[in-house]
Each structure stands twice: as C-alpha cells, then as structure tokens.
Amino acid sequence: MPDILSNLNQQQIEAVTFGDGPLLILAGAGSGKTRALTYRAAYLILEKSISPDSILLLTFTNKAAGEMKDRIQKLLTTNHQSPITNHQPPYAASNAASRQLPLAGTFHSFCAKILRIEGSLLGISSDYVIYDESDQTEAIKEVIKKLNLSIKDYKPAAVLNAISQAKNELISELEYPQYCRSSWTKTVAEIYLDYQKLLRHNQAVDFDDLIFKVVDLFKKFPEILGKYQNKYRYFLIDEYQDTNHAQYVLTKLLSQRYRNLTVVGDASQSIYGFRGANFRNLTNLKSDFSELKIINLEQNYRSTQTILEVAYSVISHNTSHPILKLWTNNQKGEKVYLYEAKSEISEAEFIVNKISRLFDEHRLSDFAVLYRTNAQSRVIEEIFLHAGIPYALVGGTRFYQRKEIKDVLAYLRLLTNPKDTVSYSRAEKAGKARLESLLNWAKKICQENKKISESFTTTDLLDETLRATGYLELYDPKDEVELARLENIKELRSVALQFPQLNSFLENVALIEQEQMPDKPVFDSEKKEAVILMTLHAAKGLEFPIVFIVGMEEGLFPHSRALMDRNELEEERRLCYVGITRAKEKIFLTYTRKRLYFGLRSENEISRFIQDIPEDLLESTNEF
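Residue numbers for the sequence shown follow my numbering, so the first one is 2 and each next one is one higher.
See below:
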C-alpha cells in the first residue's frame, strides 16, 4: 500500500483510489471529507501521474481553498517518492517550493478568472469590476429612482433577493417576465432589466453574474467550453450539498466530456436553502451520470458515540434525502444534558455557572454557545459581562463594509473604471473637491498615455489617492473612534501590498466580502481566549469540546416560520443536526418555561427536536 493511503480507513481508501468516472462521496459530519478530497488529488498526481494542471478543486470560501492547497502541498512533499513504482513521478518534484499544485479556489473566483480571459465574447471588459452587496444596493436604488418607483414599495434588499434567485436559476432579465405572477414581480422584471443595463454601462458584474455569465458563455460558445473541458479533466468539488442550480449546471458542463467528477457532500448538513443551496443536487447526479459510484464515509473522528446517536435520532425524521448513520471508535461518552430554565435569564445563568465549574479542565475557547437567531445573544451577553467571563460574539461591522474602507475603495475603483457610477456617487459624498482632485491627477496620467492600473502598484495608487484627496484629514488621531478609522485604512495598505495589480486587489476584496457574511465567525480562538457565541448557521464547519444549544422551544428552534412548511422544517432539523455534531465531548440543551423575546413574554412548548431524542440518551440537570 502506498504511504499516502496509510492514514486512511477502508472507505476513504476506496474513495481516494477510485479510477476515472463520476464519484459521489457522501461524507458525514467529522468523517474526514476534506481529507478524502485532498488525498484523492494527491493520489492522482503521485500514483496516476496526472498533471496538476488537469485538476480543479472547487469549494465555497477562500479559506477552505487555501486549506486544501496546504494539505495537498504537504502530501506531495511527504510522499514525493512513489512506493509502488519506486521512482519519481513526473509531477512530484522533490523540491516542495517549486512543486506545481492543482488549481483550488471558489466557484466565484474560478468564474471571475474565466470572464477576465473570455468575457469579451459577451461584451464584458477585462477590466470589469465586481459589485458587492452595498454596491448592488446603490445600483438598485439608482434604477428605482429612474423608474419613478417608491423605495418603500420596492425595497432594494427584496428586489435584489428576487434578482439573485433568478440568476441562481439561470433566468436572465429577458426571460424573467414569463415567470411573473403578480404586479410586484412584473415591476421587479423592469428593475432587473434596467439593473443589468446599468451594470453593463458601468462595466460591472455582481456575484451571481460571475457564474451566470460563465454558464451563458459555455452554452453560446461550445469551443470555449471545450477549451476548459480539455484543460481540466478532473473536477473535485467540496460541500456539494451547498451548490445552487447555476453551480450544478456549471460543473455538469465542465465535466461532461471526460466525466471525471468527484463531489463530496452530506445532505444532512445542507442548511443554506435561503441562499439558493439545493441538497437535491446530490441525488440529481445519478440522473445525469448513470454510471455514478457512491461511497459512504460514516466513521466519525470527532464526537462520542452518544452524541452521534443523539444527532441521528433528530435527523432520521427527515425523509427527503439520504441519511448516514455515523459511528466512531471514540468512547461512548456522557449523556446529553437537558436543562429547563425558568426564564431566559436563568438559562444564561446556567450556562455561566456550568462553564465556571468546567473551566478548570478546559480553555474558554473550548466552549461554544449556539442559538437560532442573533437576537438571543443579548441576554447571554449581559450575563457574561456581569459574571466577568470573556466572550467572542460573531457579528459587528465587517472590515470591508466600514465607511472609511468603502470610501477609499470607491476612489480606487474609479481609477480603473471611471464609468462606475455607484463608486462615483459614494466618492462624491465624501467630498466633491476631494474627488475632483483625484480625477485631475488621473486625467494627467492618462494624458501621458499611461494606463493607471498598469503603470502603478496598488500600494502606490492607494498612497496617491490618500494624498490627492486629503482623505486622512477627515479624522482626528486624538479621538479614539477616529484613530480606529485611520488604523483601518492602514490595514487596507497591508492588503494592497499582497496584490500589486489593482484589478487583482479589487477582485480579492470583492470575493472576500462575499464570503464574510454577517453570520461568519470573526474570532481566532488560538489567539483570543473567550467563550464563543454564535448562530447555529455560523457554527457549520467548526468543532468544540463542549457545546450549549439554547432556546430549544417550538417557534424558536424550530423557527416559527418553518412550522407549517415541510421543506423548511426539514432544514431546521438539519440545522439542529449540524449544531449537535459540532460537539466533541459534551452537549447541553436548554429551554425555558417563559421567555421574553422581541418584547413579548411567551410560553413555548419544548422543541420537537428534544422530544425526538430517546430518554436513555438524555439526562435532565438542574445543577448549577
């Protein structure tokens, strides 16, 4: 057996060494799915002598893509000598620094690269900019104003959501009217049409366009599709349960020639239906790839057997998707603790006291408190503050959404794309004289027959922008709040140093901002010792020794809006499953007799998810 397989279990080995053709790896929580994917990539290179250039790995965040590349790099470095053939494969150079790696990135970053190269066929400039959520909102407002519509009747967020859903279903602005069934959607169709016109005029695309346009490109120009089919002959995709229709079609198109598609996913962990994710993409693969091989990874390396049994007792009530029954060689473990609180205050006090008792044997960052909605954190925060227990709360204003950062980015976008009316409007609000000074400098450079984005590094352009606009003069370094703003701008310069080309810098900023949704963690538990407070959605992909899941009440979790909808209720159940499987050692489930929530005192029934758990796996506790 090759060394590269020595640390894998039998099912992982079967997945890693699978030959050519389509492969679906159903990987349960904590079963080593990323290991299977990265080992498969390394195996193809080391044992099958597949060129790294021919392998493409896709996932959903830059962080996950970076981790995959790091893992593959280590595997290729450690296993550069093939134990089977006892010779050096052509794509396993012994010098790790020079070793070529497969391309690993997000769906959006991969498509962004294709549009930079091929977008001209669709009339998209190679210098196009990517609008983030804030930019999109400003653009929609501009269109609504132009159409003499009321922003109260057509709220930008609602309109953008409708347009996003359409693009995720590959419905263009020209096709959208045929799906309209109300006066509101018919008006949205008009906004959608003018919104796309504005994007084209501004030489801009939004995030949904990145994938939508590439699919459109591949369908209209088969020779371009063929080019990328031949370039990438092996596709490895992580978290496939989180793909939407557009992403599904993209991967189907790319892999249909050589059919070497490997996807990893778990329908039981599909919790982003509100963003367009469709777990049915896992089951749909069988209809598009009749020869599909399915391998289950059911050995869990994270949790105790009790925790896995509790998780299964909850998720097994779902009927719309395959469910894995996980097992582990870990210890049986303690029962799941159930606490009935008198109120939301006593619920939070229970958490604080329990952490205080267990703290001698754990770090603060070993504890995670998970809740269904952000509003539930208020009381928990207050009690933690009163008790003097440090905590890290997921939330706050994201770096690239801070006012001063958005202002400076608007200036920089105008330097590469003067037609960007959204950035112009923002820059103008920061001061017309400041903007005019910057534009005069840019005009002078252009008169010298220089292209700004090619003649200057991003750092130089940032420094010149701050000098020309005098933007730093807006803030007083003696004021703590304004000093923080100045420090944020300095941190932006650190990012600029990593991306010397302005287009690359702006693209990276936009892609990162898309990933860093409000429910993503903003802490580093290795550097900051604190109890972690976050929503259940934010907890996906993480693990903690001890987990508290609070508010286990009907109407709260499961959420009230899901109670009458079977599909939404199943997603709530998957969310509970995700929360439970974050725990390695202990779980505490809490609920209250009465709760003050959204200004109302309510009495809710205990969550059906608790009622699903066998009594012999639960232990009621009233101890502090």
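Ideal placement from N, C-alpha and C gives every residue a C-beta, glycine not left out.
Bear in mind the structure is a predicted one, so any value in this text is a computation, not a measurement.
Chain-order list of residues whose beta-carbon lies under 6 Å from that of residue i (same chain, five-residue window excluded)
i	result
residue 258	230
residue 524	With a pLDDT of 40 at residue 524, under the threshold of 50, the modelled position of that residue is not reliable, and the figure given next carries that caveat. So the qualifying residues of the chain are 393.
residue 606	555
residue 270	579
residue 424	411, 414 and 415
residue 614	311 and 314
Nearest-angstrom Cβ-Cβ length linking residue i and residue j, presumed shorter than 8 Å
i	j	result
residue 435	residue 472	6 Å
residue 591	residue 551	5 Å
residue 136	residue 168	Contact doesn't hold; Cβ gap of about 16 Å is too wide.
residue 37	residue 17	6 Å
residue 225	residue 251	Not confirmed; about 13 Å, so no contact.
residue 140	residue 200	7 Å
residue 622	residue 359	Not confirmed; about 13 Å, so no contact.
residue 553	residue 608	4 Å
Alpha carbon of residue i to alpha carbon of residue j, nearest angstrom
i	j	result
residue 103	residue 56	5 Å
residue 105	residue 500	18 Å
residue 98	residue 77	For residue 98, the predicted model reports a pLDDT of 39, less than 50, meaning its position is unreliable; a value from the coordinates is still stated below. The straight-line gap from Cα to Cα measures roughly 11 Å.
residue 442	residue 196	31 Å
residue 266	residue 272	12 Å
residue 368	residue 354	13 Å
residue 506	residue 439	19 Å
residue 511	residue 165	17 Å
residue 309	residue 579	11 Å
residue 574	residue 611	11 Å
residue 180	residue 277	17 Å
residue 268	residue 487	45 Å
residue 412	residue 153	30 Å
residue 188	residue 132	23 Å
residue 483	residue 464	19 Å
residue 9	residue 101	24 Å
residue 274	residue 477	45 Å
residue 568	residue 577	14 Å
residue 327	residue 314	11 Å
residue 171	residue 357	52 Å
residue 325	residue 494	47 Å
residue 589	residue 345	15 Å
residue 59	residue 5	22 Å
residue 492	residue 205	26 Å
residue 33	residue 298	8 Å
residue 427	residue 125	24 Å
residue 503	residue 490	16 Å
Neighbour-count burial assignment, residue i, 16 or more Cβ in a 10 Å radius
i	result
residue 51	buried
residue 91	Interpretation of residue 91 is limited by its pLDDT of 45, a score under 50 that renders its predicted location unreliable; no figure is taken from the coordinates.
residue 386	exposed
residue 376	exposed
residue 118	exposed
residue 109	buried
residue 159	exposed
residue 536	buried
residue 587	buried
residue 448	exposed
residue 161	buried
residue 541	buried
residue 93	In this predicted model, residue 93 has a pLDDT of only 44, less than 50, meaning its place in the structure is not dependable enough to derive any value.
residue 107	buried
residue 378	buried
Sequence-distant residues of its chain with Cβ nearer than 7 Å to residue i (five each side left out)
i	result
residue 458	501
residue 333	305, 306 and 307
residue 148	191, 192 and 195
residue 348	342, 551, 591 and 593
residue 351	340, 342, 591 and 625
residue 87	No answer about residue 87 holds up, because its pLDDT of 35 lies below 50 and its placement is not dependable.
residue 421	130, 203, 205, 414 and 415
Residue-chain proximity (residue i, chain D), Cβ-Cβ < 8 Å
i	result
residue 5	No chain D appears in the structure shown, which is made up of a single protein chain.
Residue i - partner residues in DSSP beta bridges
i	result
residue 266	27
residue 592	341
residue 328	300
residue 106	59
residue 236	57 and 262
residue 392	532
residue 549	370 and 589
residue 557	560
Close Cβ partners of residue i (< 8 Å) along its chain, the five nearest in sequence each way excluded
i	result
residue 382	392, 394 and 534
residue 466	409, 412, 413, 416, 439 and 472
residue 122	218, 221, 222 and 225
residue 437	none
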